[in-house]
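Student: In the numbering used here, the protein residues as written are 18 to 423.
C-beta: ideal position from N, C-alpha, C; glycine also.
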Ligand SMILES: Cc1ncc(COP(=O)(O)O)c(C=O)c1O
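1) If you run the structure through DSSP and keep just helix, strand and coil, what is residue 229?
2) Bridge partners of residue 155, per DSSP?
3) Within 6 Å: the Cβ of residue 210 and any heavy atom of ligand 1?
4) Which word fits residue 183, buried or exposed, when buried means at least 16 other C-beta atoms lie within 10 angstroms of its C-beta?
5) Is residue 337 near ligand 1, in the sense that its beta carbon is under 6 Å from a heavy atom of that ligand?
6) Give the secondary structure of residue 419 by DSSP, where H, G and I count as helix, E and B as strand, and everything else as coil.
7) Where residue 444 and residue 407 are concerned, what is the direct C-alpha to C-alpha distance, given to the nearest angstrom?
8) Relative to the C-alpha of residue 330, which residue among 186, 237, 84, 112 is closest?
9) In whole angstroms, what separates the C-alpha of residue 215 from that of residue 66?
10) Can you list, in chain order, the residues of its chain with a C-beta nearer than 6 Å to that of residue 302? Leave out the 5 residues immediately preceding and following it.
11) Does any heavy atom of ligand 1 sit closer than 6 Å to the C-beta of residue 63?
12) Assuming residue 344 is part of the alpha helix (DSSP H), what are its boundary residues?
13) For ligand 1, is there a heavy atom less than 6 Å away from the beta-carbon of residue 213?
14) So is residue 18 buried or exposed if we call it buried at 16+ other beta carbons inside 10 Å?
15) Does the separation of the CB atoms of residue 103 and residue 220 fall below 7 Å?
16) Indicate, with yes or no, if ligand 1 has a heavy atom lying under 6 Å from the CB of residue 11.
17) Run through the region 225–288 for me and flag every whole beta strand (DSSP E) of 3 or more residues, listed as ranges in chain order.
18) Where does residue 363 land, buried or exposed, given buried means 16+ other C-beta within 10 angstroms?
19) If distances are taken between C-alpha atoms only, which option among 241, 195, 69, 146 comes closest to residue 367?
20) Which residues in the same chain have their Cβ closer than 7 Å to the Cβ of residue 136, if we skip the five residues on either side of it in sequence?
21) Measure the Cβ-Cβ separation of residue 96 and residue 42 and say whether it is below 7 Å.
22) Going by C-alpha to C-alpha distance, which of 77, 116, 129 sits closest to residue 149?
23) Could you name the residues of the same chain whose beta carbon sits closer than 7 Å to that of residue 260, not counting the 5 residues immediately before and after it, in chain order?
24) Would you say the beta carbon of residue 137 comes nearer than 6 Å to a heavy atom of ligand 1?
25) Can you tell which of 223, 356, 395 has the C-alpha that lies nearest to the C-alpha of residue 415?
26) For residue 194, which three-state DSSP category applies?
27) Given this structure, state the Cα-to-Cα distance separating residue 308 from residue 158, to the nearest angstrom.
28) Give a single yes or no on whether residue 186 has its beta carbon closer than 6 Å to a heavy atom of ligand 1.
29) May I ask you to list the residues that DSSP assigns as paired with residue 48?
30) By Cβ distance, which residues of its chain are closer than 7 Å to residue 63, with the 5 residues on each side in sequence left out?
31) Could you tell me whether the region 194–209 touches the region 338–348, using the rule of 3 or more Cβ pairs below 8 Å?
32) Do you know whose CA, among 255, 223, 420, lies nearest residue 75's CA?
33) Starting from the C-beta of residue 274, find all residues in its chain whose C-beta is less than 6 Å away, skip the five residues before and the five after it, and write them out in chain order.
34) I need the DSSP call for residue 114, collapsed to helix, strand or coil.
35) Looking only at DSSP bridge pairs, what is residue 43 linked to?
36) For the region 372–385 against the region 137–147, do three or more pairs of beta-carbon atoms, one drawn from each stretch, fall closer than 8 Å, so that the two count as touching?
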């Protein structure tokens, strides 16, 4: 269903993001249902052998087989593309399969990738796996745009980063790094899952490719796994889609439907979760047991001004460090804080309406090893909270109980 609006003066206006989040992507069936239907069908029937042939050749654009395309998945892709301001989108089974598809669609043995040091643990591990297949990776800091230019080689095929990063909320200058990428003719891919398109639209800042773990804020209620890749139609349809449809990391129609429902409340949730996060970050900063708070919405964040020039809020992830004489003491203190919280869920996910608390060094970033963790700045005293929609006083009271034990 089209969502463009003609207000009577002849000018066609794009509706706002909250309108698009509930309205874009709906193709009503003959039953005129109001809520989006789910098409749980592996394949689609042809009227004749000639139509089957035309569908397979692409001359007839209808659906064939759900590994390649499905109406519910298409609705999800169209809605997310509208929110990100992208020409095209391909959904995937998880965030990691979206990242893997981007990297593998653009590289081959002998290719080189420049990646941020500050990345989600599994993304760092995935680059390690790709090195086994002869893809070289150079790691540079997102806070040093010149290092990206210096890392370029003739065989560089991709720049890859996330902003703000998980878990330290380090912010990349998306305009500066995309200008370097553009001058070199190398695509820049950005993981936008910490912000969602409600808070940050990387394509408008010059980024070429956006990836999502839809598992996070797009679902928003911790139910399903999903991922997506967005960008220019030529890249998505000619380079990425052939890879995804052949290798099969397909989003299920059921998960696409859950994500469509999740996106309806994305704007409301991001607003409330960001407001809770800002208030909690300020409260944590004043707490004597806390050594340091990292939240892009706080004036004390090293890249606060940059974050506010490219994101609408600081987001809903807050990282903080507890005190201790050495790494062993800091780990013990961090674990005590976590174990004394009764409301916050000790779980690895983020983006849920329920606030979650995690010790990155021993969970999400445990497998990357101490050297990579040290290079990324992830110490034993670090705790990540992904703030939900609960009442602020209850979250602060729970954290206060935890911090008393530190
Ligand atoms: C920043 C970031 N990117 C990607 C992923 C991977 O997404 P998924 O778990 O959906 O594969 C995660 C998961 O935590 C993440 O935090």
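Tutor: Result, derived from the coordinates:
1) For residue 229, the secondary structure class from DSSP, reduced to helix, strand or coil, is strand.
2) Residue 155 is bridged to 131.
3) It does: the Cβ of residue 210 is within 6 Å (strictly closer) of some heavy atom of ligand 1.
4) Buried, by the Cβ-count rule.
5) No - ligand 1 has no heavy atom lying nearer than 6 Å to the Cβ of residue 337.
6) In this structure, residue 419 counts as helix in the three-state DSSP scheme.
7) For residue 444 there is no data in the structure shown, the boundaries of the chain being 18 and 423.
8) Selected option, being the one with the closest Cα: 186.
9) Take the alpha-carbon of residue 215 and the one of residue 66: they are about 45 Å apart.
10) Around residue 302: 310.
11) Here the distance from the Cβ of residue 63 to the nearest heavy atom of ligand 1 is not below 6 Å.
12) Element bounds for residue 344: 344–357.
13) For ligand 1, no non-hydrogen atom lies closer than 6 Å to the CB of residue 213.
14) Because the pLDDT at residue 18 is just 44, under 50, the model does not fix this residue reliably, and the value given afterwards should be weighed accordingly. Residue 18 comes out exposed.
15) Result yes, Cβ atoms of residue 103 and residue 220 sit closer than 7 Å.
16) The structure shown does not extend to residue 11, since the chain is modelled only from 18 through 423, so no value can be given for it.
17) The DSSP assignment places 226–230, 244–248 as complete runs of the beta strand (DSSP E) inside the region 225–288, in order along the chain (cut-off: 3 residues).
18) Exposed, because fewer than 16 other Cβ atoms sit within 10 Å of the Cβ of residue 363.
19) The alpha carbon of residue 367 has as its nearest neighbour, out of 241, 195, 69, 146, the alpha carbon of 241.
20) Closer than 7 Å at Cβ, skipping near neighbours: 179, 182.
21) Yes, they are a contact pair.
22) The residue with the shortest Cα to Cα distance from residue 149 is 129.
23) In chain order, 118, 121, 122 place their CB closer than 7 Å to the CB of residue 260, counting only its own chain and leaving out the 5 sequence neighbours on each side.
24) Within the chosen limit of 6 Å, ligand 1 reaches the beta carbon of residue 137 through at least one heavy atom.
25) Ranked by how close their Cα comes to the Cα of residue 415, the residues 223, 356, 395 have 356 in first place.
26) Helix at residue 194.
27) In a straight line, the C-alpha of residue 308 is about 23 Å away from that of residue 158.
28) No, since every heavy atom of ligand 1 falls outside the 6 Å radius drawn around the Cβ of residue 186.
29) According to DSSP, residue 48 bridges with nothing at all.
30) Same-chain partners within the cutoff: 69, 72.
31) Touching, no, given that fewer than three Cβ pairs across the two stretches are closer than 8 Å.
32) Minimum Cα distance to residue 75 is reached at 255.
33) So the qualifying residues of the chain are 55, 89.
34) Of the three classes helix, strand and coil, the one that applies to residue 114 here is helix, per DSSP.
35) Partner(s): none; residue 43 has no beta bridge.
36) Yes: the two stretches touch, three or more of their Cβ pairs being nearer than 8 Å.
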